[in-house]
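Under this note's numbering, read the sequence shown as residues 2 to 335, first letter to last. Glycine residues also receive a C-beta, built at the ideal position from the N, C-alpha and C atoms. All figures in this text were calculated on a predicted structure; none of them were measured in a lab.
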Amino acid sequence: MAVVGVGSFGRNHARVYHDLQKQGAGVELVAVVDSDAGQAQAVASQFGCSALATVEELFGRVEAASVAVPTLHHRSVAAALMAAGIDVLIEKPLASTLAEADELISLANANQRVVQVGHLERFNPAVRGTIPLITQPMFFEVHRLSVFSPRSLDVDVVLDLMIHDIDVVLSFVKSPVKEIRAVGLPVVTEKVDIANVRMEFESGCVANLTASRISTERVRKLRFFQPKEYVSIDYGRQDVFQIRVTQEEKFSLHNLMAFAETPSTLPIPGVTLTKPKVESEEPLRAELKSFLNAVRHREKPVVTLEDGRRALAVALSILSAIDEHTKRARIHSL
Ligand SMILES: NC(=O)c1ccc[n+]([C@@H]2O[C@H](COP(=O)([O-])OP(=O)(O)OC[C@H]3O[C@@H](n4cnc5c(N)ncnc54)[C@H](O)[C@@H]3O)[C@@H](O)[C@H]2O)c1
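And the structure:
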């Protein structure tokens with residue numbers, strides 16, 4: 002393995018591969034590559050591998066690589082690796098444009114490479130624990146709020162943070178997006194720092210997503226309703242619970258109101274609260290293990306290039322909707 006781009010996030014890939022190597026998981030971190038020689042050297046000495054300056058130096062030395070360079074360079078770096086027969090995990094968002102994403106898809110097919118996209122929340126144990134609970138999700142309320150930090154400021158909050166939830170919601174709903182309405186504002190940077198979107202799917206499902214990188218608190222929650230059920234995921238705490246109305250004949254609004262007044266009156270007859278068992282694991286570790294497995298067995302990865310393209314397409318549509326709203330509301334002229 003190699004990691005290309007060992008800045009603030011890529012160094013985590015190197016750490017996890019190094020840990021897996023130490024644990025005898027059949028993987029070896031051969032090298033890290035970074036155009037910043039000091040950065041490459043620092044990470045290489047920490048994890049005992051070679052420090053290289055260009056991807057070409059990897060050819061013939063590794064079977065697979067993580068690509069964690071800035072999004073603008075995903076296409077050129079991943080294309081060079083794939084052409085040299087190297088399987089790749091490309092960080093999210095897959096690319097800057099849909100044309101680049103399409104090019105990556107053609108190159109992966111032409112070179113028969115295993116390519117995974119780094120939507121790591123799919124590997125969050127709480128998200129994985131939720132999949133068996135999904136029946137007919139109809140309404141999502143999602144919040145991803147972060148305290149400001151001067152990283153990833155080359156992209157807006159939609160491509161930086163909201164894209165995690167876009168991918169998770171798309172994987173749960175499995176229906177084409179019909180309509181997008183959005184609002185977003187630059188607050189402390191030149192790009193959109195806070196955004197809210199209402200997405201409606203062909204299935205009738207509606208998802209409300211809010212993402213902020215200028216919050217005073219850190220919140221990462223996804224909640225959804227489906228007939229007779231409410232499911233709540235806390236990405237950060239890695240937990241999920243489900244509230245279900247089970248026996249309509251015994252369930253009464255009176256009991257529910259009594260619970261609202263005195264929450265200690267649990268259990269409510271006819272209502273069950275279930276907490277699926279979730280084994281805590283660092284999502285990045287689960288993601289990289291899954292990638293290695295796909296590489297070894299030449300299998301389709303859990304998060305495919307097509308998934309990455311779909312999330313990017315929706316994120317770009319949200320940005321267009323934000324743009325339209327900005328013009329309509331004459332925000333720049335305020
Ligand atoms: N999955 C997640 O949760 C998550 C979190 C943060 C960042 N990311 C993604 O990871 C990627 C990197 O983000 P970051 O915050 O670590 O950026 P960063 O700027 O901190 O690091 C990028 C590194 O890549 C190097 N680099 C740039 N061009 C290069 C090239 N052509 N060849 C080799 N090295 C090159 C830079 O010198 C730098 O060290 C982005 O795509 C970002 O969206 C994903």
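Integer-rounded CB distance, given that residue j should sit under 8 Å from residue i
i    : j    : result
A65  : Q239 : With 8 Å as the limit, A65 and Q239 do not qualify as a contact, their Cβ atoms being about 27 Å apart.
A96  : R76  : 5 Å
E56  : A84  : According to the sequence as given, residue 56 is Val; it is not Glu. Not confirmed; about 10 Å, so no contact.
V4   : A69  : 6 Å
A102 : L313 : 6 Å
F140 : V207 : 5 Å
From the options, residue whose alpha carbon lies closest to that of residue i
i    : options                : result
A26  : S9, A287, G205, R129   : A287
L162 : P177, G205, I215, S172 : I215
A212 : R219, A196, E307       : A196
R219 : N209, D235, S204       : D235
E282 : G130, P228, F242       : G130
N125 : D88, G237, P270        : G237
V143 : P133, V170, S150       : V170
D166 : S107, K93, L254, T217  : K93
V246 : Y231, H255, A259       : Y231
G205 : V174, S46, V184        : V174
A322 : G185, K229, H255, V304 : G185
T273 : E104, S150, Q243       : Q243
heavy atom of ligand 1 below 7 Å from residue i C-beta
i    : result
H74  : yes
E92  : yes
A52  : no
S46  : no
P187 : no
S36  : yes
Q137 : no
G11  : yes
G237 : no
P151 : no
V78  : yes
L121 : yes
Q117 : no
P71  : yes
V7   : yes
Q22  : no
Q42  : no
Own chain, CB closer than 7 Å to residue i, minus 5 neighbours either side, in chain order
i    : result
R12  : V44
P71  : D155
P187 : V193, D194
T190 : L154
C50  : L30, V31, A32, V33
L146 : S213, S216, E218, R219, V220
F60  : A85
8 Å Cβ shell around residue i - same chain, five flanking residues per side excluded
i    : result
L335 : Here L335 scores only 46 on pLDDT, less than 50, and its place in the model should not be relied on; the value that follows carries that caveat. Excluding sequence neighbours, L335 sits near nothing in its chain.
L99  : R310, L313, A314, L317
Close Cβ partners of residue i (< 6 Å) along its chain, the five nearest in sequence each way excluded
i    : result
P177 : E203
E58  : none
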